[in-house]
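Data block below; observations after.
Residue numbers (this note's numbering): 7 to 449.
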């Protein structure tokens with residue numbers, strides 16, 4: 007008997023009994039054990055989450071927990087299973103064809119799988135037509151661009167974003183919550199040099215007088231300055247292609263303006279599942295989860311997070327949609343930048359996804375020389391620390407881990423089979439040193 011039918015049976019039996027007998031508790035526990043992603047339950051006495059290893063038949067002695075389990079199994083589990091199995095990011099290009107044909111195949115398979123989902127209150131299958139239309143606009147955009155019709159390609163993308171905006175409340179779905187930054191209001195930036203000693207200015211975006219050296223990046227076009235930051239020094243190192251750490255300089259950026267809007271494309275399947283587990287019991291009976299918006303959003307996220315197939319190529323078709331999205335944002339919204347998951351690693355599939363987020367913040371005003379004053383006023387920047395300098399200070403109290411009780415760090419695996427606390431790694435200690443340096447500075 008599949009989980010859906012077991013949950014329906016539990017619901018039916020529960021309606022027949024005033025008291026919860028052992029057979030109902032055993033059936034509930036049996037369902038719980040079979041769930042791929044399990045809901046969390048809170049101990050009412052301690053207000054703490056009950057560890058999965060402590061859950062047993064007695065956990066399901068009250069009706070509310072049974073109702074939560076039934077609702078989760080019928081409404082949430084099939085959707086989460088689909089998201090975890092079918093909404094993987096970044097997209098890995100295969101085969102030798104052009105990107106438009108590849109993405110058309112990706113989206114065709116995605117739509118076919120959506121049609122297999124049961125139509126329940128958490129998912130309205132009638133919306134699949136709109137999702138398919140948006141996907142077609144994305145592939146048509148790439149096709150026109152590759153055919154050399156850049157202006158027509160952007161017009162097609164704009165039509166697609168109109169479809170997207172009609173179905174998705176961007177402010178509600180994609181507004182990045184500043185409170186959810188891994189280290190509150192802190193971002194990191196890393197650069198490499200074998201000879202040059204970097205200053206604070208050098209850690210900012212490329213100055214306007216040097217815009218001629220700006221290459222294409224995922225969310226910015228050649229010649230257009232954009233400030234790229236990371237949620238951790240580790241993701242900065244990954245984005246640079248894992249250079250020799252002895253050549254690196256790192257700064258921490260403190261966000262002074264907490265009212266800025268950032269478009270959030272960083273929600274991974276694992277993060278979505280974690281958030282649902284965390285809040286489902288709290289919001290049960292008060293909120294109906296609607297996944298149509300997420301399924302529509304995944305089309306956009308996947309188009310922006312296609313792993314580059316040929317890193318040495320000057321033109322990277324994988325950057326077409328993300329660059330158009332940034333242009334669309336600049337023209338049509340008040341968003342200051344975009345948050346997205348790193349495409350250089352798959353480690354965000356596990357519990358440490360908070361470490362692997364990037365931020366692209368384009369300049370707001372053009373100048374002949376120097377830097378964008380609007381961006382400069384948004385951040386307080388630390389003096390960059392060279393890796394060799396960090397090595398001298400790593401065993402001092404200034405490099406002791408800074409605990410964040412809201413987002414305790416997960417264990418990371420740099421060597422297969424060996425997990426260590428991120429805070430205790432060199433990257434974690436470097437971040438602690440940078441933050442203390444910034445806090446102690448007079449700027």
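Idealized CB from N, CA, C, for every residue including glycine.
For residue j and residue i, the rounded distance between their alpha carbons
i           : j           : result
residue 12  : residue 433 : 47 angstroms
residue 26  : residue 35  : 13 angstroms
residue 200 : residue 258 : 21 angstroms
residue 163 : residue 169 : 10 angstroms
residue 56  : residue 50  : 10 angstroms
residue 251 : residue 393 : 6 angstroms
residue 190 : residue 382 : 19 angstroms
residue 427 : residue 418 : 6 angstroms
residue 20  : residue 76  : 10 angstroms
residue 406 : residue 435 : 6 angstroms
residue 10  : residue 302 : 25 angstroms
residue 109 : residue 119 : 15 angstroms
residue 177 : residue 340 : 11 angstroms
residue 244 : residue 91  : 25 angstroms
residue 180 : residue 275 : 15 angstroms
residue 264 : residue 386 : 13 angstroms
residue 422 : residue 248 : 17 angstroms
residue 351 : residue 241 : 9 angstroms
residue 175 : residue 321 : 33 angstroms
residue 375 : residue 214 : 5 angstroms
Exposure of residue i, with buried meaning 16 or more beta-carbon neighbours within 10 Å
i           : result
residue 127 : exposed
residue 228 : exposed
residue 221 : exposed
residue 412 : Low confidence applies to residue 412: its pLDDT is 44, below 50, so where it sits in the model is not reliable, and the reading given next is rough at best. Exposed, because fewer than 16 other Cβ atoms sit within 10 Å of the Cβ of residue 412.
residue 397 : exposed
residue 129 : buried
residue 143 : buried
residue 24  : exposed
residue 429 : buried
residue 216 : exposed
residue 373 : exposed
residue 116 : buried
residue 380 : exposed
residue 211 : buried
residue 101 : exposed
Beta carbon of residue i nearer than 9 angstroms to that of residue j
i           : j           : result
residue 88  : residue 305 : no
residue 133 : residue 298 : yes
residue 17  : residue 80  : yes
residue 347 : residue 365 : no
residue 331 : residue 345 : no
residue 234 : residue 195 : yes
residue 39  : residue 64  : no
residue 371 : residue 224 : no
residue 146 : residue 173 : no
residue 86  : residue 278 : yes
residue 282 : residue 37  : no
residue 273 : residue 255 : no
residue 260 : residue 444 : yes
residue 286 : residue 54  : no
residue 324 : residue 99  : yes
residue 333 : residue 160 : yes
residue 262 : residue 388 : no
residue 361 : residue 237 : yes
residue 368 : residue 232 : yes
residue 97  : residue 308 : yes
Coarse secondary structure for residue i, derived from DSSP in three states
i           : result
residue 192 : strand
residue 212 : coil
residue 453 : Here the chain has residues from 7 to 449 only, and residue 453 is not among them.
residue 181 : strand
residue 270 : strand
residue 314 : coil
residue 11  : helix
residue 174 : coil
residue 425 : strand
residue 204 : coil
residue 303 : helix
residue 282 : helix
residue 222 : coil
residue 412 : At residue 412 the pLDDT is 44, less than 50, meaning the model places this residue with poor confidence and gives no usable figure here.
residue 338 : helix
residue 326 : helix
residue 236 : strand
Short CB-CB distance (under 9 angstroms) between residue i and chain D
i           : result
residue 446 : Of the protein chains in this structure there is only one, and it is not chain D.
Scan the segment 64-135 and note each continuous alpha helix (DSSP H) run of 4 residues or more that stays entirely inside, going in chain order.
69-77, 83-92, 105-121
Going residue by residue through the segment 353-410, where are the continuous alpha helix (DSSP H) segments of at least 4 residues, counting only ones entirely within it?
379-384, 393-399
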